[in-house]
Amino acid sequence: MACQCGQGQKQTDKDKKLQAVFARYRGQKGALIPVLQASQDIYGYLPREVMERIAKELRIPFSKVFGVATFYAQFHLKPRGENIIRVCLGTACHVRGGAKVFAKLKEELQIEDGETTEDLKFTLESVACIGACGLAPVMVINEDTHGRLTPEKVPEILDRYR
Amino acid sequence: MSDKVTLTIDGQQVTVPAGTTVLQAARMAGIEIPTLCHDPELTSPGACRLCVVEIEGMRNLPASCVTTAGDGMVVRTNSPDVIEARKTIIELLLANHPEDCLTCERTGQCRLQEYAYHYGVKGDTFHGERKQFPIDDSNPFIVRDMNKCIRCGKCVRVCEEVQGRSIYSFAYRGFDTIPATAMDTPLAESECVFCGSCVSVCPTGALTEKMMHGVGRSWELEKVKTTCPYCGVGCNFDLNVKDGKVVGVTSNAEAEVNGRALCVKGRFGYNFIHHPDRLTKPLIKKNGEFQEATWEEAINLVAEKFKEIKQEHGPDALAVFTSARCTNEENYLANKFARAVLGTNNIDHCARL
Amino acid sequence: MENLMTACCSECTHSPSQPCPDYIKCRTEGPICHDSEACRQKRQQLMDKVQVSPDKPHRRVLVCAGTGCISSGSRDVYNRMEAAVKEAGIDDCEVSITGCHGFCEQGPIVIIEPEGIFYGGVGADDVEEIVEKQLKNGEPVERLLYTEPTSGEKDKYYRDIMFYKKQERMVLKNCGHINPEKIDEYIITGGYRGLVKALTEYKPEEVIEEVKTSGLRGRGGGGFPTGLKWQFTAQAEGDQKYVVCNADEGDPGAFMDRSILEGNPHSVIEGMIIAGYAVGANEGYVYVRAEYPLAIKRLEIAIAQAEQYGILGDNIFDSGFSFKLRIKAGAGAFVCGEETALLNSIQGERGMPRVRPPFPANKGLWGKPTLLNNVETYANVPIIMEHGGRWYASRGTEKSKGTKVFALTGKVNNTGLAEVPMGITLREIIFDIGGGIKEGKQFKAVQIGGPSGGCLPAEKLDLPIDYDSLIDAGAMMGSGGLVVMDETTCMVDLARFFLTFTQNESCGKCTPCREGTKRMLEILTRITEGEGKEGDIETLERLAKSVKNTALCGLGQTAPNPILSTLRYFRDEYKAHIEKKWCPAGVCSALTVYKIDPDKCKGCTKCAKVCPVSAIKGEPKEVHEIDPEVCTKCGTCMENCKFEAIYKG
């Protein structure tokens, strides 16, 4: 297990939640993906130990759990930033300059696609299309959608999350 | 419904049992279709697409390994479109494959090499990114060079479907897809038991027997079929012999008992054969030191000692312990020897090695 | 709380455990099983409470709560509106949310009923003015009305807006009109009538006949006849069958399925129950992509309400037929829109397509016969059951019936969802509904059907669109994405963009798609970067053909389509990139040349002065020239020219 110094309480809470997830899905067909989703909601990502436990609980080979977790874009095997920035590079956003916005974000945060800033504040990701094409170009920070972006608007928006 | 279907393959009428694949039907008719991911003992994913054929009335080129032969089907296995498609697939595989056939362990037995040669494909059509993986030789038995992997997935399937271990799964996606252990660790850190089945089905040099590296080219090795000397299952395999010396073991699909399956000992535990420490003559301890002796001397000595013990302490002072490495016949003889010759029921056997 | 479910008196016995076959009719027209004036009045009272009641025009303020409008701030608008209406003491006016209007660019959208006034781009700060002027005094707030891009005129009413005028909204009819979180509103506007009809008047095979008569074809991609698919699943042998809804809408630019699920989830549920009855399945799954949390939430609410009403569950309407519905959230993989990959994903596996045959109709989810249709297809089913297959078949073209929802995006004035009858021309969609090209630029091409589709040029604008005409033209209906491009779009860059997408989303199972899309993308990238060489076009074509011919699944087989269609209609543009090292649209920066228009240049010398590398030469008052060898393409000259004499080409 990862270091638990100073967060013993938190860990048990998370553990309890994970147990509840197992209880909820035990015996259900096709439970792996919902269990991974629920576990990621608890831990913020999918730590190795958690995946190992999922494999044992669901009686699925560990390699398969790993195979599924690495197939879907939604799953993360590394810790992620406090704020998740997802930049849409779908067709409409592409046509309206999404790439420039993305470049500006990379420059501002000093990270590349899929990376997390050192202070664990931001994780930057590109996504295919979030279905808000009428607002292109668009990015989503956590749950908030920011539309009709220009590179100039980027720093000010980021500041709101700093 | 009739239990036979008749189809035409390359102008040849073929009648096969219903449910036969087009690939099997073609092979029954002596028509060779190249395959990479297909294996008769494993499920068919239809993934490599090398076995595509043209079937009248069907859109695109279906993969023959997963297409069921239908009555009246007209199949062409060598039309220009088919040949073109196969060439492209080989070109694509070579574009993401090292060009080190000169030193590759699999040379001469590599399916990719064979098909590239057959279809006259040189590996220089596409110049782009090649996946770069570190070579995993973390263990004494298997070298995993994923740079040579063509993602046929036979290792994944044999481990899951035949061995029931599921050490590998396909991981990641798209161009990054690769068979991997859980968490992508080296094999030594996985739960692999090194049965080597994955090596036996790998069509390229991605999985090779570590101890056979550099000991000889495939065409230099004489294959001698034999029975495994370890346990009583009686697995058969091929000793790979070069210049009168055993340099490796490979499984033989024809083996009646085990097919290609072997355990770590049978496949990789042959070093004792030419080991300098191996006992080749009987030794008798004289004055505290072992000295070479003849078989006659040694056997006489043992017989003497048995007699002595029996006379002094009774037959139950003796016990016989046999081994799983003995055949049934040998074990029967040992049993007879204990009861009838020594006069004791003290006989047991170790089922493990 | 009282709702349509509330029994009129003790004589009414309907509940999920004791279902009544006449339930829907009873609660909207009844009571049926007994006659009592008191009960009739009570029923009428309950109906009047439902704000969309057709008998009684209500004053309503509808705030759009689709994903697009929410992200433009419609939640705040709703909260402020609710408070402001209360504060103003307007008792007879309800403030309600609705699903998507499909005109997200105008969001947040607010509709005032019963007049049908359309306000776009409403902010929380506009709320007071709307309440004051519109609600209190009946005067419209002019500045929030929609302006037609072509005529410049303001439209006061929803019905007058050109974007909606040419549309024929059947599937989207209730989206933006009813509150998707209230089943009563769905029922009172005609919902679940088709289901009642199917369960009480039709045998399963008759339902299938009706769907076959309607001519409905799958709205998600290939356009396979829906009735036939149902028939195959019904005929397949199996102790257990499943009905699955594909809501993994992944084509970039398409969002009609999301809008339907968010705006009218019950229509999909109704369609699925009817399908379950027809094929003999009593379990269903809706596979929704993970990126649609709101759609999942609305669907969850809708399922719970339908269960509460006894519309989902055991012995529905006392018909003996039972149906359970579950939601499965995707996990972010475009390929799961492919039906067999979707099934693997529901089973908890990697979303890699399976070889077909066997088709899901025979061997689907967990090896059992499974019916798979997409959201829009199921949403059409209640309409067919209600109005009859013959009626439905009277719409559309000979081989493509009914309507299709298109997601219009790109360089058009009006972007959004347009539901149009099959057979309409591209010109009508792009120029009438879409209001033409932005900034008065020239139309160049339209990409239809997402990454699996193709680009059609201006000469195809008058093509009546249906499944077959699009295939013939080298595109496909796909899920109905329409991306409009103008003269400033580079077609090679566009093909590169789509290949980037398909390459990223390839599942990696089969060789042609895994390795082939990678190499095609590499070649395209090289061409756009000025490294194209002779033979590249031929290699691309050869590779594209092999991938199309040999890939395992539909996605792989169609992945080369953007290349093949752009090569078919815009081959010269490829040649220009490779041979002349020139990008005619001025998009590929490595191939862009800055030029000075001699007719416009006044010789002011400004450009020469600002050029950081002194690439511009010319005498004062004479036409200047840029030395392409020296130019670094920084664009400073263009930004500084007052006469717009500098252009990229």
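Residue numbers (our numbering), protein chains in the order written: chain F, 1 to 162; chain Z, 163 to 515; chain X, 516 to 1164.
Backbone N, C-alpha and C define an ideal beta-carbon position, used for all residues, glycine too.
Three-way DSSP call (helix, strand, coil) for residue i in this model
i: residue 512 (chain Z); result: strand
i: residue 175 (chain Z); result: strand
i: residue 458 (chain Z); result: helix
i: residue 786 (chain X); result: helix
i: residue 124 (chain F); result: strand
i: residue 1061 (chain X); result: helix
i: residue 79 (chain F); result: coil
i: residue 939 (chain X); result: coil
i: residue 532 (chain X); result: coil
i: residue 3 (chain F); result: Confidence is the limiting factor: at residue 3 (chain F) the pLDDT is only 49, short of 50, which leaves the residue's position unreliable and the question unanswerable from this model.
i: residue 88 (chain F); result: strand
i: residue 271 (chain Z); result: coil
i: residue 1043 (chain X); result: helix
CA nearest to the CA of residue i, picked from the options
i: residue 1068 (chain X); options: X:1119, X:1163, X:872 and X:884; result: X:872
i: residue 716 (chain X); options: X:645, X:655 and X:792; result: X:792
i: residue 999 (chain X); options: X:649, X:1116 and X:972; result: X:972
i: residue 384 (chain Z); options: Z:506, Z:344, Z:411 and Z:176; result: Z:411
i: residue 479 (chain Z); options: Z:501, Z:462, Z:179 and Z:252; result: Z:501
i: residue 617 (chain X); options: X:933, X:1037, X:760 and X:746; result: X:933
i: residue 39 (chain F); options: F:117, F:57 and F:27; result: F:57
i: residue 1124 (chain X); options: X:888, X:753, X:853 and X:1154; result: X:1154
i: residue 928 (chain X); options: X:1001, X:913 and X:904; result: X:1001
i: residue 458 (chain Z); options: Z:471, Z:444, Z:448 and Z:450; result: Z:444
Chain-order list of residues whose beta-carbon lies under 7 Å from that of residue i (same chain, five-residue window excluded)
i: residue 1065 (chain X); result: 1027
i: residue 227 (chain Z); result: 183, 185, 197, 200, 206, 208 and 213
i: residue 142 (chain F); result: 83 and 84
i: residue 769 (chain X); result: 922, 965, 994, 995 and 996
i: residue 780 (chain X); result: 695, 813, 814 and 817
i: residue 320 (chain Z); result: 204, 359, 360 and 363
Residues of its chain near residue i, where Cβ-Cβ distance is below 8 Å and the 5 sequence neighbours each way are ignored
i: residue 1158 (chain X); result: 1115, 1116, 1117 and 1119
i: residue 3 (chain F); result: Any answer about residue 3 (chain F) is weak, because its pLDDT of 49 lies below 50 and its placement is not dependable; what the coordinates show is given next. Contacts found: none.
Check whether residue i and residue j have beta carbons under 9 Å apart
i: residue 586 (chain X); j: residue 140 (chain F); result: yes
i: residue 799 (chain X); j: residue 849 (chain X); result: no
i: residue 567 (chain X); j: residue 700 (chain X); result: yes
i: residue 633 (chain X); j: residue 671 (chain X); result: yes
i: residue 762 (chain X); j: residue 810 (chain X); result: yes
i: residue 733 (chain X); j: residue 892 (chain X); result: yes
i: residue 119 (chain Z); j: residue 393 (chain Z); result: In this structure chain Z extends from 163 to 515, so residue 119 (chain Z) is not present and cannot be described.
i: residue 1023 (chain X); j: residue 234 (chain Z); result: no
i: residue 1029 (chain X); j: residue 1021 (chain X); result: yes
Neighbour list for residue i in chain Z, Cβ cutoff strictly below 7 Å
i: residue 67 (chain F); result: 331, 332 and 333
Listed by chain order, chain F residues near residue i by CB distance under 7 Å
i: residue 230 (chain Z); result: In chain order: nothing, as chain F lies at least about 28 Å away.
i: residue 881 (chain X); result: 29
i: residue 849 (chain X); result: 128
Cross-chain neighbours of residue i in chain Z, by beta carbon under 8 Å
i: residue 1061 (chain X); result: 246, 247, 250 and 251
i: residue 919 (chain X); result: Chain Z residues near residue 919 (chain X): none, gap ~23 Å exceeds 8 Å.
Beta-carbon contacts of residue i that lie in its chain and below 6 Å, excluding the five residues immediately before and after
i: residue 758 (chain X); result: 787, 790, 791, 796, 799 and 886
i: residue 1142 (chain X); result: 1130
i: residue 1177 (chain X); result: A query on residue 1177 (chain X) cannot be resolved here, the shown segment of chain X reaching from 516 to 1164 and no further.
i: residue 948 (chain X); result: 678, 681 and 933
Contact list for residue i against chain X, beta-carbon separation under 9 Å
i: residue 207 (chain Z); result: 867, 869, 870, 1024, 1025 and 1067
Chain F residues whose Cβ lies nearer than 9 Å to that of residue i
i: residue 359 (chain Z); result: The premise fails here: residue 359 (chain Z) is roughly 15 Å from chain F at the closest Cβ pair, so nothing lies under 9 Å.
i: residue 328 (chain Z); result: 60, 61, 62, 63 and 64
i: residue 344 (chain Z); result: 48, 51, 52, 55, 61, 62, 63, 64, 65, 66 and 67
Neighbour list for residue i in chain X, Cβ cutoff strictly below 7 Å
i: residue 32 (chain F); result: 863
Any non-hydrogen atom of the ligand FMN within 8 Å of residue i CB
i: residue 81 (chain F); result: Within the structure as shown, the ligand FMN is missing, as the structure has no ligands at all.
Residue i: contacting residues in chain C (beta-carbon distance under 7 Å)
i: residue 805 (chain X); result: Chain labels in this structure do not include chain C; the protein chains are F, Z and X.
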